[in-house]
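Following: one structure in C-alpha cells, then a few remarks.
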Amino acid sequence: MADGEEFSTSALYRDNPEWADVKPIYPTKEEEGAVRIAVSEQCEYCFCLVSNNLNIGIRDAFAYFRAVLASGEMSSRVFLLTEDCIQLNPANYTLWQFRRELLKKLEVDLSKELKYLDDIIMQTPKNYQVWHHRRCVVEWIGASVAENELTFTAQVIEDESKNYHAWQYRYKNHIY
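Take a look at the structure:
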C-alpha cells in the first residue's frame, strides 16, 4: 500500500466518484461461459468481505481492473485497486503481473511490498502466484533480505511442513 493511503472507502467502484472517469469492462456471457462463478442471478455485484472489513463487489472490482488494464493506467489508485482485487482472488496471475509493473512505475518501497506479501502468504500459503511475485520482489531488492526470507519461509514451513511452494521458493532463491 502506498504511504498514507488506505483501501478504497466505497463498497462498489461504480459508486466511487474517484472512479467516475473509468468505464468498467464487464465480462461477456461468452467469456464467462466456460468458467462462470456460481452466483445467483440477482447478485450482479457479489460481495466478499476483505481483510479491511469492507465488502467489495467482485464483478465490480474486476470490471474496473479490466478497464485500467486495457487503458494502461498506472497510478496510485490502480495500485490500491490491485489490493482489493488480490483480496478477492489472490490466484489471478494477470493481477500480480500488472502489480509488478506498477511497483516499478510508481517506485513503490519494496520493503513495504514484502510486508504486504507476508500477510497475503499467511492467508493463502499455497498460492503459486503470490510466491512468484515475492520471488520477483526479492530479486529486485537483492541479497540484503536473505536472512529475513530465511526466517519468513521457516515460519511458513513450520505452519505447514509440506508446503511445496515455500520449499521451492527457498530452493530457487538459494535460501538455506
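So the sequence shown is residues 1 to 176, counted in UniProt numbering. Don't be surprised by glycine CBs; every beta carbon is placed ideally from N, CA and C. Since the structure is predicted, the reported quantities are computational estimates derived from the model, not experimental observations.
Query raised in the report: Around the C-beta of Y13, are 16 or more other C-beta atoms found within 10 angstroms, so that it is buried, or is it exposed?
Result: With 16 or more other Cβ atoms from the protein chains shown falling within 10 Å of its own Cβ, Y13 counts as buried.
Query raised in the report: For the 8 Å Cβ check, are there 3 or more pairs between the segment 94-103 and the segment 117-126?
Result: The segment 94-103 and the segment 117-126 do not touch, with fewer than 3 CB-CB distances between them shorter than 8 Å.
Query raised in the report: According to the neighbour-count rule (16 or more other Cβ atoms, all chains shown, within 10 Å of its Cβ), is Y64 buried or exposed?
Result: Buried.
Requested in this report: Using only alpha-carbon positions, find the residue among M122, S75 and P27 that is nearest to D60.
Outcome: Between D60 and the set M122, S75 and P27, the nearest pair of CA atoms involves P27.
Query raised in the report: Among the residues of its own chain, which have a CB less than 7 Å from the CB of K23, if the five just before and after it don't count?
Result: Counting only Cβ-Cβ distances below 7 Å, and skipping sequence neighbours, we find A67.
Requested in this report: Could you tell me the boundaries of the alpha helix (DSSP H) in which A70 lies?
Outcome: For A70, the uninterrupted alpha helix (DSSP H) segment begins and ends at I58 to S71.
Query raised in the report: What are the start and end residues of the alpha helix (DSSP H) that includes D118?
Result: Per DSSP, the continuous alpha helix (DSSP H) segment holding D118 begins and ends at L110 to Q123.
**Report entry** Spatially closest choice to R170 from L102, L150, I86 and E158, by CA coordinates
**Finding:** When only C-alpha atoms are compared, the closest one is L150.
Query raised in the report: Got a sec: does the ligand FAD put a non-hydrogen atom nearer than 6 Å to the Cβ of S75?
Result: In the structure on display, the ligand FAD does not appear, and there are no ligands present to speak of.
Query - Anticipated Cβ contact below 8 Å, Q123 with Y93, distance rounded - result: Incorrect: roughly 17 Å between the Cβ atoms, too far for contact.
Query raised in the report: According to DSSP, is A20 helix, strand or coil?
Result: Of the three classes helix, strand and coil, the one that applies to A20 here is coil, per DSSP.
Query raised in the report: Does the distance from the C-beta atom of E140 to that of L110 stay below 7 Å?
Result: Glu is not the amino acid found at residue 140; the sequence shown has Trp there. With respect to L110, W140 sits close: the two C-beta atoms are nearer than 7 Å.
Query raised in the report: Under the three-state reduction of DSSP, which class applies to D15: helix, strand or coil?
Result: In the three-state reduction of the DSSP assignment, D15 falls in the helix class.
Report task. Compute the beta-carbon to beta-carbon distance between R88 and I58, rounded to the nearest angstrom, for a pair I have assumed lies under 8 Å. Result -> The question names Arg, but residue 88 in the sequence shown is Leu. About 5 Å; that satisfies the 8 Å criterion.
Report task. To the nearest angstrom, report how far apart A154 and E147 are at their CA atoms. Result -> Going from the Cα of A154 to the Cα of E147 covers about 11 Å.
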